[in-house]
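Position one of the sequence shown corresponds to residue 5 (the numbering used here), numbered consecutively onward. Here's the structure, in C-alpha cells; my notes come after.
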Amino acid sequence: MASLASFKAPSVVSKKVQKQQQKDDDDIMIDPESLPTHTAAAQDNDVAMDEDTDASKPNFAPASAAELKTVTKGYRRIPIPHHRMAPLKRSWMDLYSPLVEHMKLQVRMNIKSRTVELRTSKDTGDTGALQKGADFVRAFALGFEVADAMALLRLDDIFLDSFEIKDVKTLHGDHLARAIGRIAGRDGKTKFTIENASKTRIVLADTKIHILGSFQNIKIARDAVVSLILGSPPGKVYATLRTISSRMKERF
Numbered sequence: 005m006a007s008l009a010s011f012k013a014p015s016v017v018s019k020k021v022q023k024q025q026q027k028d029d030d031d032i033m034i035d036p037e038s039l040p041t042h043t044a045a046a047q048d049n050d051v052a053m054d055e056d057t058d059a060s061k062p063n064f065a066p067a068s069a070a071e072l073k074t075v076t077k078g079y080r081r082i083p084i085p086h087h088r089m090a091p092l093k094r095s096w097m098d099l100y101s102p103l104v105e106h107m108k109l110q111v112r113m114n115i116k117s118r119t120v121e122l123r124t125s126k127d128t129g130d131t132g133a134l135q136k137g138a139d140f141v142r143a144f145a146l147g148f149e150v151a152d153a154m155a156l157l158r159l160d161d162i163f164l165d166s167f168e169i170k171d172v173k174t175l176h177g178d179h180l181a182r183a184i185g186r187i188a189g190r191d192g193k194t195k196f197t198i199e200n201a202s203k204t205r206i207v208l209a210d211t212k213i214h215i216l217g218s219f220q221n222i223k224i225a226r227d228a229v230v231s232l233i234l235g236s237p238p239g240k241v242y243a244t245l246r247t248i249s250s251r252m253k254e255r256f
C-alpha cells in the first residue's frame with residue numbers, strides 16, 4: 005500500500021525562485037587552497053629542461069678568412085668553332101699568358117676535340133677565376149679580339165650578350181641580307197658608330213649578333229641594332245645614339 009507522502013500535492017514554486025535556484029547551482033566555488041602550487045623543485049626542473057634544449061642546438065663557429073678564400077676545384081671545356089681554330093693557334097700565347105700568369109689556371113688546347121680545357125690549380129686565389137677564364141675563351145671563340153675579350157678578366161661588370169636576327173623579326177632571302185647590310189653599314193661604318201657611341205664591341209657573325217660590354221651599354225647597342233633590323237634608316241639611329249651619348253657624358 006502506497007504511503008501517504010506519495011499522495012501529497014507538489015509544492016508551488018514561482019518561476020523567479022526557480023531561476024534563482026538554477027543560478028545558484030551553476031555557480032562553482034573554487035577554493036584557492038585546493039589548487040596545486042608551483043614548487044621550487046618544479047622550477048628547477050624547468051630550468052634544467054631549458055638548458056638541455058639550448059645544448060642540443062648546433063653551434064657553428066664563424067668562418068675564418070682562409071676558409072672564405074678557399075677555391076673549390078673546377079673544370080671547364082669550351083668548344084671552338086671550326087673557322088676559329090686557325091686564329092686560336094695564331095693567338096694562343098696571347099690567350100695562354102693571362103690565364104696562367106694572372107688567373108693562375110691550368111689551360112690546354114685539345115686539337116682532336118677542338119676544345120680549350122681549363123681547370124683550377126693549387127695557386128688559384130680568386131673564386132671566380134675559372135668562370136672569368138671560360139668567358140674570356142668563349143668571347144674569343146665567338147669572334148672578339150683578344151684585347152677586347154681581356155676586359156672580361158679585368159672587370160667584374162662586363163657581360164656577353166648574343167641574339168639572332170630571327171629573334172627580332174623573321175626575315176628570309178634578300179630581306180635578311182639587307183638587314184645584315186643595314187647593321188654593318190658601308191665598310192662597317194654603322195657598326196663602328198654603334199660601338200663608339202655605346203662603348204661596346206659588336207661581332208656580326210652571319211645572322212648572329214654578339215655584344216660585349218656593361219649591362220647598360222649592351223642595352224643601348226641592342227636597341228640600336230633592333231631598330232636597324234626592324235627597318236629604321238641609319239640616320240635616325242645615329243640621331244638617337246647622339247642623344248644618348250650626350251646624356252651619358254653629362255651623367256659622368
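Note that CB positions come from ideal geometry on N, CA and C, so glycine has one too. All values reported here derive from a predicted model rather than from experimental measurement.
Asked	Found
What do you reckon, are the CB atoms on Arg81 and Thr119 nearer than 7 Å?	yes
Which of the three DSSP states, helix, strand or coil, is assigned to Ile184?	helix
Could you name the residues of the same chain whose beta carbon sits closer than 7 Å to that of Ser249, not counting the 5 residues immediately before and after it, in chain order?	Ala201
Pick from Glu149, Asp139, Glu105: whose alpha carbon is nearest that of Arg94?	Glu149
Taking the DSSP output, what are the residues bridged to Arg118?	For Arg118, which the question treats as bridged, DSSP gives no partner whatsoever.
Going by other Cβ atoms of all chains shown within 10 Å of its Cβ, with 16 needed for buried, is Thr247 buried or exposed?	exposed
Can you list, in chain order, the residues of its chain whose CB lies under 8 Å from that of Leu92, leaving out five sequence neighbours each side?	Ile84, Leu99, Met113, Val120, Phe144, Ala145
Could you please give the first and the last residue of the uninterrupted beta strand (DSSP E) stretch that includes Lys212?	212 to 217
Count the other C-beta atoms from every protein chain shown that fall within 10 angstroms of the C-beta of Pro237, then say buried if there are 16 or more, exposed otherwise.	exposed
Compare the Cα-Cα distances from Val111 to each of Ile162, Ala138, Ser117, His86 and report the closest residue.	Ala138
To which residues of the same chain is Ala155 closer than 8 Å at the C-beta, ignoring the five residues directly before and after it?	Ile162, Leu216
Between the alpha carbons of Asp129 and Tyr79, how many angstroms are there, rounded?	In the sequence as displayed, the identity of residue 129 is Gly instead of Asp. Rounded to whole angstroms, Gly129 to Tyr79 spans 15 Å at the Cα level.
State the start and end residues of the unbroken alpha helix (DSSP H) segment that holds Leu159.	No alpha helix (DSSP H) contains Leu159, which DSSP labels as neither H nor E.
Looking at Ala228 and Val241, is the spacing between their C-beta atoms short of 7 Å?	yes
Please report how far the alpha carbon of Gly189 lies from the alpha carbon of Lys116, in whole angstroms.	38 Å
Closest to Val75 by C-alpha separation, out of Leu103, His176, Lys108, Val104, would be which residue?	Lys108
Since Thr211 contacts Leu164 with CB under 8 Å, what's their CB separation in whole angstroms?	Their Cβ separation, rounded to whole angstroms, is 18 Å, which puts Thr211 and Leu164 out of contact at 8 Å.
Applying the criterion that 16 or more other CB atoms from any shown protein chain within 10 Å of the CB defines a buried residue, is Pro66 buried or exposed?	exposed
Below 7 Å between beta carbons: does that hold for Ile222 and Ala183?	no
Output the distance between the C-alpha atoms of Ala209 and Ser125, rounded to the nearest integer angstrom.	35 Å
Comparing alpha-carbon positions, which option in Lys203, Ile187, Gln220 lies nearest Ile213?	Ile187
Taking the runs of the alpha helix (DSSP H) that are 4 residues or longer, which of them lie wholly in the stretch 75 to 143?	89 to 94, 96 to 101
By the three-class DSSP mapping on this structure, what secondary structure does Glu168 have?	strand
Can you give me the start and stop residues for the beta strand (DSSP E) that Ala209 sits inside?	205 to 209
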